[in-house]
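Student: Going by full-length UniProt numbering, the sequence shown opens with residue 1, and the numbers climb by one from there.
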Amino acid sequence: MAIHIEKLDKRDLRRLEIFCEIVEQGGISNATVSTGLSQPVLSNQLIELEKSLGVTLCKRGRSGFDLTSEGHTVYGYANELSSLLSDFAFKLKGVQSKLTGQVRVGILDNTITLPRNPVPVAIENFYKLSDSVELTLEVGDYTLLNEKLAKGQLDMMIVVLAEHQLDAFSHTEFLFTEKSYLFAREDVAKAIENSNYSLEGRRINIGGYASEVMRKLLNVEQYQQLKLIDGWNVESGALLAMAGTHLSFLPGHLIESNRSQQALVAVNPEQWWFTSDFSVVLKGAKTALSPAANAFYECLTSLELFSSEHMT
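The following block contains the structure:
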């Protein structure tokens, strides 16, 4: 069976690396130890890769794990790709003695609690390249970061873009994903559960790039007295939810890691959730970056297995 695919995106590349690890460990079950990921997550990533490539890579079940002919071919290609990336990393280290300059990076707030956030690792690797580089990191909301990028005060920003915003930038590349759920104070969540998850009369924070997604998830048109609050700041949303007066969509990792917010619970988590794709965004073409900025960009976008929350 021929493989029909025009271009691999970053998620496909991560899935290829997971596929190789599964093959080298002799199956999904064995790969849970080396990857730190559960069997359902590994199985899902393998299925998504097969969908993207349009082929069946392996036979799995009670009889064991066995590669198909296409699987053997893809595994060989994936190893070639890994060698190319290793060679690139070696060449990048070769510029250490010549690399100088400052890089200015902006990132959306409230990402510090994201599991396996690739940004700290990228910064660490960047400083290993040279003693003559510096990096400044500005944390803020999208409006602030976008203004600074437009004015040339940032070299790049790490943000979530709505679909209609993608064409506004010359260069974007996917980095990682976070998952948001509808949170409420525990007693409020229990009352909603007891009312068969009716949101009638509730106040809900809805806004930002995901406002339409939120509206569709909750099917807001079915309610007569639903109070939609226009605004979606993560911290204010958390405070309002903690007050018991509002419900807010919030990143799951933020609530899970914050002891003061453990009174908040996800409402109907099986259905009321969505994912946000974070991308690194440039004002102009990648070729316009300074050598230092380009080096950090490569550190940030290099294959980093297991860096996305959507694999947890």
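For every residue, glycine included, the Cβ atom is placed at its ideal position computed from N, Cα and C.
In whole angstroms, give me the CA-to-CA distance for Pro-269 and Thr-136.
Tutor: Here residue 269 refers to the residue found at position 269 when the sequence shown is read from its first residue. Here residue 136 refers to the residue found at position 136 when the sequence shown is read from its first residue. Cα-Cα distance, rounded: 37 Å.
Student: Since Val-234 contacts Phe-183 with CB under 8 Å, what's their CB separation in whole angstroms?
Tutor: Against the sequence shown, residue 234 aligns to sequence position 234. Against the sequence shown, residue 183 aligns to sequence position 183. Not quite, the Cβ-Cβ distance comes to about 11 Å (not below 8 Å), so this is no contact.
Student: According to DSSP, simplified to helix, strand and coil, what is Val-119?
Tutor: Along the sequence shown, read from residue 1 onward, the residue named residue 119 stands at position 119. In the structure shown, Val-119 sits in a helix (DSSP, three-state: H, G or I).
Student: Would Cys-299 be called buried (16 or more neighbouring beta carbons within 10 Å of its own) or exposed?
Tutor: As a first step, residue 299 is located in the sequence shown; it is residue number 299 there, counting from the start. Per the 10 Å Cβ criterion, buried.
Student: Does the stretch 165-176 come within contact of the stretch 188-197, defined as at least 3 CB pairs closer than 8 Å?
Tutor: No, the stretch 165-176 is not in contact with the stretch 188-197.
Student: Enumerated in chain order, which unbroken segments of the beta strand (DSSP E) with a length of 3 residues or greater are wholly contained in the stretch 43-76?
Tutor: Counting whole runs of 3 or more residues, the stretch 43-76 contains no beta strand (DSSP E) stretch at all.
Student: How about the stretch 279-298 and the stretch 120-140: do they share at least three Cβ pairs that are nearer than 8 Å?
Tutor: A contact exists between the stretch 279-298 and the stretch 120-140.
Student: Check this for me: beta carbons of Ala-238 and Leu-250, under 8 Å apart or not?
Tutor: Here residue 238 refers to the residue found at position 238 when the sequence shown is read from its first residue. Here residue 250 refers to the residue found at position 250 when the sequence shown is read from its first residue. Contact flag set, yes.
Student: For Cys-20, which residues from the same chain have a beta carbon less than 8 Å from its beta carbon, with the 5 sequence-adjacent residues on both sides left out?
Tutor: Within the sequence shown, residue 20 is the residue found at index 20, counting from 1. Closer than 8 Å at Cβ, skipping near neighbours: Tyr-75, Ala-78, Asn-79 and Ser-82.
Student: What separation, rounded to the nearest whole angstrom, lies between the Cα atoms of Leu-49 and Gly-244?
Tutor: To locate residue 49, count along the sequence shown from 1; it is residue 49. To locate residue 244, count along the sequence shown from 1; it is residue 244. When rounded, the distance between both Cα atoms is 42 Å.
Student: Around the C-beta of Glu-147, are 16 or more other C-beta atoms found within 10 angstroms, so that it is buried, or is it exposed?
Tutor: If you number the sequence shown from 1, residue 147 lands on position 147. With fewer than 16 Cβ atoms within 10 Å of its Cβ, Glu-147 is classed as exposed.
Student: Counting along the chain, where does the alpha helix (DSSP H) carrying Pro-251 start and finish?
Tutor: One-based indexing of the sequence shown puts residue 251 at position 251. Looking at the DSSP string, Pro-251 is not in any alpha helix (DSSP H); the run it does join, the beta strand (DSSP E), is 247-251.
Student: For the stretch 223-233 against the stretch 204-213, are there 3 or more C-beta pairs whose distance is under 8 Å?
Tutor: These segments touch.
Student: Distance, Cα to Cα, Ser-170 vs Ser-195?
Tutor: In the sequence shown, the residue the question calls residue 170 occupies position 170. In the sequence shown, the residue the question calls residue 195 occupies position 195. Those two C-alpha atoms are separated by around 48 Å.
Student: What residue from Gln-102, Ser-86 and Trp-273 has the CA that sits closest to Ser-302's CA?
Tutor: Here residue 302 refers to the residue found at position 302 of the sequence shown. Answer by Cα proximity: Ser-86.
Student: Within the stretch 179-261, note down every full alpha helix (DSSP H) run reaching 4 residues or more, in order along the chain.
Tutor: Whole alpha helix (DSSP H) segments, 4+ residues: 186-194, 211-218, 234-243 and 252-257.
Student: Please list the terminal residues of the continuous beta strand (DSSP E) segment that includes Gln-102.
Tutor: Within the sequence shown, numbered from 1, the residue matching residue 102 stands at position 102. 101-108 is the span of the beta strand (DSSP E), which, as asked, contains Gln-102.
Student: Could one say the Cβ of Glu-200 lies closer than 8 Å to chain C's Cβ atoms, at least one of them?
Tutor: Among the protein chains of the structure shown there is no chain C, as only one such chain exists.
Student: How many Å lie between Tyr-223 and Ser-43 at the Cα?
Tutor: Locating residue 223 in the sequence shown gives position 223, counting from the first residue. Locating residue 43 in the sequence shown gives position 43, counting from the first residue. The alpha-carbon atoms of Tyr-223 and Ser-43 are separated by roughly 38 Å.
Student: Residues in its own chain within less than 6 Å of Leu-108 by CB, not counting five upstream and five downstream?
Tutor: Taking the first residue of the sequence shown as 1, we reach residue 108 at position 108. Excluding sequence neighbours, Leu-108 sits near Val-159.
Student: Exposed or buried, what is Thr-143 when buried is set at 16 or more other beta-carbons lying within 10 Å of its beta-carbon?
Tutor: If you number the sequence shown from 1, residue 143 lands on position 143. Counting Cβ neighbours within 10 Å, Thr-143 comes out exposed, since fewer than 16 surround it.
Student: How long is the line joining the alpha carbons of Arg-14 and Ala-241, rounded to whole angstroms?
Tutor: Here residue 14 refers to the residue found at position 14 when the sequence shown is read from its first residue. Here residue 241 refers to the residue found at position 241 when the sequence shown is read from its first residue. Roughly 36 Å separates the two Cα atoms.
Student: May I have the straight-line CA-CA distance separating Leu-57 from Val-33, to the nearest angstrom?
Tutor: For this step, residue 57 is matched to residue 57 along the sequence shown. For this step, residue 33 is matched to residue 33 along the sequence shown. Taking the straight line from one Cα to the other gives about 21 Å.
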